[in-house]
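A.B. asks: Residue numbers for the sequence shown follow our numbering, beginning at 4 and rising by one.
Just so you know, even glycine gets a beta-carbon here, dropped at the ideal spot from N, CA and C.
All values derive from a computational prediction rather than experimental measurement.
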Amino acid sequence: MAKASLNKPSLNKMSSKKNAPHSGAGDDESARGRLLSAASHLFCKNGINATGIDAIIEEAGTAKTTLYKLFGSKTNLVNAVLESEGKQWREWFIGAMEDGGGDAQAKLTRIFPALKSWFAEERFYGCPFINAVGEHDKDAKQFRNIALKHKKIVLGHIEKLAAELGSSEPAMLAHQLGLIIDGAIVAAMISRDPGVADTAALTAGPLLGQSKAKKKRAADQLEAV
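#1: I'd like to check one pair, L45 with A58: are the Cβ atoms closer than 8 Å?
#2: What is the DSSP secondary structure of Y71, counted as helix, strand or coil?
#3: Give the single residue among T112, R93, A34, E88 whose Cα lies nearest to the Cα of A74.
#4: Could you give the DSSP three-state label for F127: helix, strand or coil?
#5: Would you mind sorting N134 into buried or exposed? The rule is 16 or more other CB atoms within 10 Å of its CB.
#6: Alpha carbon to alpha carbon, how far is G198 from S31? Give it in angstroms, no decimals.
#7: Less than 8 Å between the beta carbons of L182 and Q108, yes or no?
#8: Measure the C-alpha to C-alpha separation of L118 and Y71 and round it to an integer number of angstroms.
#9: Give a yes or no on whether 8 Å exceeds the smallest Cβ distance from C47 to chain D.
#10: Taking the alpha carbon of M175 as the point to measure from, which residue in H160, N52, E86 has its own alpha carbon closest?
#11: Where does E88 land, buried or exposed, given buried means 16+ other C-beta within 10 angstroms?
#12: Nearest to L210 by CA position, among Q145, E124, C47, S171, is which residue?
#13: Just verifying my parser: in three-state terms, what is the DSSP assignment at L210?
#14: Could you check which residue in L38, A165, L39, K48 has the C-alpha nearest to that of I193?
#15: Threshold first: 4 residues or longer. Then list the alpha helix (DSSP H) segments lying entirely within the region 115-194, N to C.
#16: Measuring alpha carbon to alpha carbon, tell me which of L39, N52, L85, N82 ends up nearest T69.
#17: Grouping DSSP H, G and I as helix and E and B as strand, with all else coil, what is G103?
#18: Going by beta carbon distance, what residues of the same chain come within less than 6 Å of I97, once the five residues before and after it are set aside?
#19: Leaving out five residues before and five after T206 in sequence, what residues of the same chain have Cβ atoms less than 6 Å from its Cβ?
#20: List the endpoints of the continuous alpha helix (DSSP H) containing N49.
In C-alpha cells form, the structure reads like this:
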C-alpha cells in the first residue's frame with residue numbers, strides 16, 4: 004500500500020518501473036522500493052499465492068539474489084508490502100478526512116467521496132488486507148494480525164471524530180462506519196462501479212445525523228437548565 008501523495012490513493016495502485024538490475028550497497032534502497040512496488044501491484048492484481056518470485060523480479064528489474072538479500076523470503080516481502088501499503092493508505096485516507104478543516108461531521112462525510120476517487124482508479128483491486136486474509140488459511144494469524152493493526156489505526160481516528168461529533172458511543176459508531184467502508188470496498192472491487200461509494204454515503208448518513216441530533220439535544224437541555 005514509492006510514497007503516495009494524499010491525492011493519490013495507494014493501497015494497491017503504486018506504479019512499477021522495469022529497470023535494469025543494479026549492484027552495490029548504494030542501490031539497495033532503490034531496489035527495495037522497486038521490489039515493493041512490483042510486488043504490491045502483482046499481489047493486488049493477481050493474488051499473493053498466484054504471484055511467484057520470478058514475476059516480481061521481472062517486474063522490478065532486479066536479480067533474485069537481491070530480493071532474498073533484502074527480504075529473506077517471499078513471506079517477508081508480503082509482510083513488508085502490507086506494512087508499506089497500509090501506512091501509505093492511512094496517510095492518504097486520514098489526510099482526505101482532515102484536509103479542508105471543518106467540524107467532525109464535515110470530516111467524516113469526506114470519507115465516501117474519498118473512497119469514490121479511490122474506487123475510480125485504474126489500479127483499484129480492493130483492499131490488500133481483505134484480499135490477503137481471504138486467500139489464506141483462516142486460522143493463520145500472520146496476515147490477520149497485520150490487517151487488524153491497520154484497521155485499529157483507521158477506526159481509532161474515526162472514533163476520535165465520532166467523539167467530537169457528540170456520539171454517546173463513539174467506538175460503536177466507528178465500527179458501524181468501518182463495516183460500511185469495508186462493504187463498499189468489496190462491492191466496488193466486484194462491480195468496478197465507483198458509485199458504490201455514493202450508496203455507502205447514503206447508508207452512513209443517518210448514523211452521522213443521529214449523532215449530531217443527540218449532541219444538539221444535549222446542548223438544548225443544558226440551556227434549559
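C.D. replies: On the basis of the coordinates in this document:
#1: Cβ atoms of A58 and L45: closer than 8 Å.
#2: DSSP places Y71 in helix when its eight states are reduced to three.
#3: Residue identity check: residue 74 is Phe in the sequence provided, not Ala. Ranked by Cα distance from F74, the first of T112, R93, A34, E88 is A34.
#4: Correct three-state label for F127: coil.
#5: N134 counts as buried, since no fewer than 16 other beta carbons sit within 10 angstroms of its beta carbon.
#6: Correcting the residue identity first, residue 31 is Asp in this sequence and not Ser. Going by the C-alpha atoms only, they are around 41 Å apart.
#7: Contact flag unset, no.
#8: Spanning the two alpha carbons is a distance of roughly 35 Å.
#9: No chain D appears in this structure, which consists of one protein chain only.
#10: For the residues H160, N52, E86, the minimum Cα distance to M175 belongs to H160.
#11: Buried is the label assigned to E88, since at least 16 other Cβ atoms lie within 10 Å of its Cβ.
#12: If we check each option's Cα against that of L210, S171 comes out closest.
#13: DSSP places L210 in helix when its eight states are reduced to three.
#14: Residue K48 holds the alpha-carbon nearest to the alpha-carbon of I193 among L38, A165, L39, K48.
#15: Restricted to the region 115-194, the alpha helix (DSSP H) segments that are unbroken, complete and at least 4 residues in length are 131-137, 145-168, 173-194, listed in chain order.
#16: Distance from the Cα of T69 is smallest, within the candidate group L39, N52, L85, N82, for L39.
#17: Here G103 carries a coil assignment [DSSP, helix/strand/coil].
#18: Beyond the five residues adjoining it in sequence on each side, I97 comes within less than 6 Å, by CB distance, of H160 in the same chain, given in chain order.
#19: So the qualifying residues of the chain are I183.
#20: Looking at the DSSP string, the run of the alpha helix (DSSP H) that includes N49 is 31-49.
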